[in-house]
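Comments concern the structure below.
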Amino acid sequence: MNDWITYQIPWQQFLMILIATGGVLLVYFKVIKLLFKRIKLNYGASESTGFLFVERLAIVLIGVFILISFLLVNPFFHGFLLLILIFLARDVLVNIILGSVIIREFNLKVGVKINMKDYEGVLFRIGWTGIHLSSEENIDFIPYRYIYEKGMSKTQQFVPSIARIVCRHNKIKDERSIIDLLKSKLITYPFLMEDRTPDIRAMEDGVEVTLGLVSTRHLNSLKDSLKKEGFEIEIIENT
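Below is the structure:
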């Protein structure tokens, strides 16, 4: 026991651990995660609740490993700092822990309709400390602690708006290149329903895209985002 208490690692080793774990997370979020989204866009695969739970658990364990490494640099002084940090971040930590339980228990997925005492809307994003609900008026952030205390119910998968648009690029004329550009951009737009794969196909007068929006009010956001990429947008249908 005394050997464990007195065991320390040098700052250089801690920095190497920090760089290595940071590199792993960077590769995951900037490469692997985007690759998964691209596969989902191309083949219609959906992200399961189990995968989301494992992802959160893995990142938490990496965080715990970094904190333990930091503690071992100077066990007593850094232990005191960590106690202060835990006290200050207690609400965040509670929401993270409750979030892992709630996501698993309710089988949360983007696109389901959520009902709570003071909120109602479509699940727009699953965050680390809470969820984002989209209604016709706005997007509300609901902490997991509120959900745990107040409860909630969910209904069937629900897409508030289906838009069908025709895209033409001001500079690019090759249809395959336009489709590839659309795929690379659409996966980055947060206002698209993640569980509905956009249908992209070449037509005589341009590239037609059918997609699900979190809310009808996001149609202008879609148009503005694509126009910034050099597209001309024609709305065919919006239901």
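For the sequence shown, this note's numbering gives the first residue as 1074, with consecutive numbering after it.
Idealized CB from N, CA, C, for every residue including glycine.
Just so it is clear, the structure is predicted and the values come from calculations on it, not from any experiment.
Suppose the cutoff is 8 Å on Cβ atoms and the five residues either side in sequence are ignored; what does the same chain contact list for residue i look like?
i, result
"Phe1292", "Looking at the sequence itself, residue 1292 is Leu, so the reference to Phe does not match. Excluding residues within five positions, the ones whose Cβ falls inside 8 Å are Ser1234, Ala1236, Leu1286, Ile1308 and Asn1311."
"Leu1171", "Tyr1217, Arg1218, Ile1220 and Tyr1221"
"Trp1077", "Here the model assigns Trp1077 a pLDDT of 49, short of 50, so the residue's position is not dependable and the matter cannot be decided."
Taking 8 Å as the cut-off, decide whether the C-beta atoms of residue i and residue j are in contact.
i, j, result
"Thr1228", "Tyr1217", "no"
"Leu1255", "Cys1240", "yes"
"Arg1269", "Gly1194", "no"
"Ile1176", "Leu1125", "yes"
"Ile1132", "Thr1094", "no"
"Asn1243", "Glu1305", "yes"
"Ile1245", "Ile1251", "yes"
"Leu1294", "Phe1264", "Position check: residue 1294 holds Ser in this sequence, whereas Leu was assumed. Yes, the pair counts as a contact, with Cβ atoms nearer than the cut-off."
"Leu1196", "Leu1181", "yes"
"Thr1261", "Asp1272", "no"
"Ile1204", "Ile1215", "yes"
"Ser1173", "Leu1130", "yes"
Could you pull out every residue in the same chain whose Cβ sits closer than 7 Å to the Cβ of residue i, ignoring the five residues on either side in sequence?
i, result
"Val1146", "Gln1081, Ile1082, Trp1084 and Phe1087"
"Phe1153", "none"
"Gly1279", "Val1239, Cys1240 and Arg1241"
"Glu1248", "Ala1275 and Val1280"
"Val1167", "Arg1218"
"Asn1075", "For Asn1075, the pLDDT reaches just 49, beneath the cut-off of 50, and the residue's location in the model is therefore unreliable, leaving the point undetermined."
Take residue i and list the residues in its own chain whose beta-carbon comes closer than 6 Å to its own, dropping the five residues that flank it on each side.
i, result
"Arg1274", "Glu1281"
"Ser1208", "Gly1194"
"Pro1148", "none"
Who does residue i pair with in a DSSP beta bridge?
i, result
"Ile1218", "It should be noted that the sequence gives Arg, not Ile, for residue 1218. Arg1218 pairs with nothing; no bridge assigned."
"Lys1103", "DSSP, once it has assigned bridges, lists no residue as partnering Lys1103."
"Met1276", "Gly1279"
"Leu1265", "Leu1286"
"Val1239", "Glu1281 and Glu1307"
"Ser1234", "Leu1286"
Any contact of the region 1137-1150 with the region 1185-1202, i.e. 3+ C-beta pairs under 8 Å? no
Problem set entry | Any alpha helix (DSSP H) of 4 or more consecutive residues that is wholly inside the region 1152-1229 | Here the runs fully enclosed are 1163-1179 and 1217-1223.
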